[in-house]
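Numbering (numbering that gives the first Met the number 0), first residue to last: 0 to 323.
Just so it is clear, CB atoms sit at the ideal spot from N, CA and C, and this is done for glycine as well.
Okay, so here's the structure we're looking at.
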Amino acid sequence: MAFLFLDKISFSYNNTEVIKDFSLDVEKGNFTTLLGSSGCGKTTILKLISGFLEPQSGTITINGKKINGVLPNKRKIGMVFQDYALFPHMTVEQNLLYGLKLEKGFSKNKKSALKTVLETAQSLGIEEFLKRFPSELSGGQQQRVALGRVLVLKPDLLLMDEPLSSLDTKLRIKVREELKEIQKKLGITTIYVTHDQEEALGLSDKIAVINNGQIIQYDTPEKIYFEPKDKFVADFVGRANILKDTETNKEYMIRPEWFTISKVKKEFSFTGKIVSVEFLGSYTRYKVKLNNLNQIVTCDNMIFDEKFSEKDTVFLIPNKKYYF
């Protein structure tokens, strides 16, 4: 049985249905990402799970227990937001302790609460910052404090809403790696919301690609990338060249890195002219206008032995195709 199960959930804002017959099952300990563009309904789904919104139809169960109608503070769910929501006038220790202070019997169990805070800080690698204020921490350190403040309450389920979006690119990658390591170590079931495809691919056990309040594909990152259900998923997760087989009239996908580019004609190659060149460090991206299809495709080349320039006639050899 799934640890978290959403069964045919629907929800409307002002008579506009934003979540439609939505079903999702998440195994215990898994890291599951809800991936979609802004406005697709992914944050609404988090609010439905956490209890800040109630579905108009369908049921939500955690560990076999229906939680429809249960108050948010009774659901044993932790939530980390985009802005971290740390109290600036409190130290890291005080921020971590805040939720525990609100629980009954805190005055009698203060020593135990402080021990929990220390153990959580150690597991996140922030024990040396306990006496510091949020303003004295880096973005990545603040993110870990926000996570720690939730984890001290020992939730059954962790929800994260775009928690890395305010970080710069390098720091986002670093914190992403740390987050994955922490989640695996703690084994906490996690639902993560993002619009960043690379983030979703790198973090997740499974990804739910969402569009217009519905799951288009729910699968492992590898399946999503290499075997997308349709053109929407193919184009949304990574880059995709969509072509049509002239013999069967079926459409297929070639990822930019599945092409080999050459000045020598090979069997089954496409002929075209380079219309743009973009050097991106570890690879060069070429836009090539194909002669026979009158279509522009993208080729990512990681081999630098041979140079290609705009207006060069080249041959693209597809090493792999995926038919829809």
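| message | Let's test the definition: count the other Cβ atoms within 10 Å of the Cβ of Ile-302 and tell me whether it reaches 16, buried, or not, exposed. | response | Locating residue 302 in the sequence shown gives position 303, counting from the first residue. By the neighbour-count rule (16 or more Cβ atoms within 10 Å), Ile-302 is not buried but exposed.
| query | Taking Cβ to Cβ, would you say Leu-70 is nearer than 8 Å to Tyr-217? | reply | Position 71 of the sequence shown, counted from the start, is the residue given in the question as residue 70. Position 218 of the sequence shown, counted from the start, is the residue given in the question as residue 217. Not a contact, by the Cβ cut-off of 8 Å.
| field | Helix, strand or coil at Ala-84 according to DSSP, with G and I counted as helix | value | Reading the sequence shown from its first residue, position 85 is the one you call residue 84. The answer is coil: DSSP assigns Ala-84 none of H, G, I, E or B.
| request: Along the beta strand (DSSP E) that carries Thr-32, what are the first and last residues, could you check? | output: Translated into the one-based positions of the sequence shown, residue 32 becomes position 33. Here the beta strand (DSSP E) through Thr-32 covers 30-34.
| Exposure of Gln-55, with buried meaning 16 or more beta-carbon neighbours within 10 Å | On the sequence shown, residue 55 is found 56 positions in, with the first residue counted as 1. Exposed.
| query | Would Pro-227 be called buried (16 or more neighbouring beta carbons within 10 Å of its own) or exposed? | reply | Here residue 227 refers to the residue found at position 228 of the sequence shown. Buried, by the Cβ-count rule.
| Ile-223 by DSSP, collapsed to three states: which one? | Sequence index remark: in the sequence shown, residue 223 carries index 224 (1-based). Note: Ile-223 maps to helix in three-state DSSP.
| Val-17, DSSP secondary structure in three states | Working through the sequence shown from its first residue, we reach residue 17 at position 18. Here Val-17 sits in strand by DSSP.
| task | Over the uninterrupted alpha helix (DSSP H) stretch that includes Val-296, give me the two end residues. | result | For this step, residue 296 is matched to residue 297 along the sequence shown. Run containing Val-296: none in the alpha helix (DSSP H); it sits in the beta strand (DSSP E), 294-300.
| query | Hey, Gly-147 and Leu-123: beta-carbon distance below 8 Å or not? | reply | Counting from one through the sequence shown, the residue named residue 147 turns up at place 148. Counting from one through the sequence shown, the residue named residue 123 turns up at place 124. In this structure, Leu-123 lies closer than 8 Å to Gly-147 by Cβ.
| At a cut of 8 Å, does the stretch 255-273 reach the stretch 310-320 through at least three beta carbon pairs? | yes
| Check whether Leu-324 and Gly-77 have beta carbons under 8 Å apart | Beyond the ends of the chain as shown, which are 0 and 323, falls residue 324; an answer cannot be given.
| message | Can you confirm whether the stretch 162-178 touches the stretch 93-100 when touching is taken to mean that 3 or more C-beta pairs between the two stretches lie within less than 8 Å? | response | no
| query | Going along the chain, which residues of its own chain have a beta-carbon closer than 6 Å to the beta-carbon of Thr-283, five neighbours each way excluded? | reply | As a first step, residue 283 is located in the sequence shown; it is residue number 284 there, counting from the start. Excluding positions up to five away in sequence, the list reads Asn-300.
| Buried or exposed: Leu-34, going by 16 or more other Cβ atoms within 10 Å of its Cβ? | As a first step, residue 34 must be located in the sequence shown, where it is residue number 35. By the neighbour-count rule (16 or more Cβ atoms within 10 Å), Leu-34 is buried.
| query | Which residue comes first and which comes last in the alpha helix (DSSP H) that contains Glu-180? | reply | Looking up residue 180 in the sequence shown gives position 181. Taken as a continuous stretch (DSSP letters only), the alpha helix (DSSP H) holding Glu-180 covers 168-185.
| said: Which residue wins for smallest C-alpha separation from Ile-223, given the options Asp-304, Gly-237, Asn-211? | reply: As a working mapping, residue 223 is identified with position 224 in the sequence shown. Of Asp-304, Gly-237, Asn-211, the residue nearest in Cα terms is Gly-237.
| field | Residues bridged to Arg-148 (per DSSP) | value | Residue numbering aside, residue 148 sits at position 149 when the sequence shown is read from its first letter. Looking at the DSSP assignment, Arg-148 forms no beta bridge with any residue, so it has no partner.
| message | Taking the alpha-carbon of Lys-173 as reference, which of Leu-157, Gly-201, Val-192, Lys-184 has the nearest alpha-carbon? | response | Here residue 173 is taken as the residue at index 174 of the sequence shown, counted from 1. With distances taken between Cα atoms, Lys-173 lies closest to Gly-201.
| Gly-212 versus Val-192 - alpha carbon distance | Residue mapping note: residue 212 aligns to position 213 of the sequence shown, counting from 1. Residue mapping note: residue 192 aligns to position 193 of the sequence shown, counting from 1. Between Gly-212 and Val-192, the C-alpha separation is close to 14 Å.
| How many Å lie between Met-330 and Thr-58 at the Cα? | With the chain represented from 0 up to 323, any question about residue 330 goes unanswered, as that position is not in the structure.
| query | What are the boundary residues of the alpha helix (DSSP H) that includes Ala-1? | reply | Start at 1 with the first residue of the sequence shown, and residue 1 comes out as number 2. Careful: Ala-1 lies outside any alpha helix (DSSP H) and carries neither H nor E.
| Buried or exposed by the 16-neighbour rule on C-beta atoms within 10 Å, applied to Glu-102 | On the sequence shown, position 103 is the one that residue 102 refers to. Exposed.
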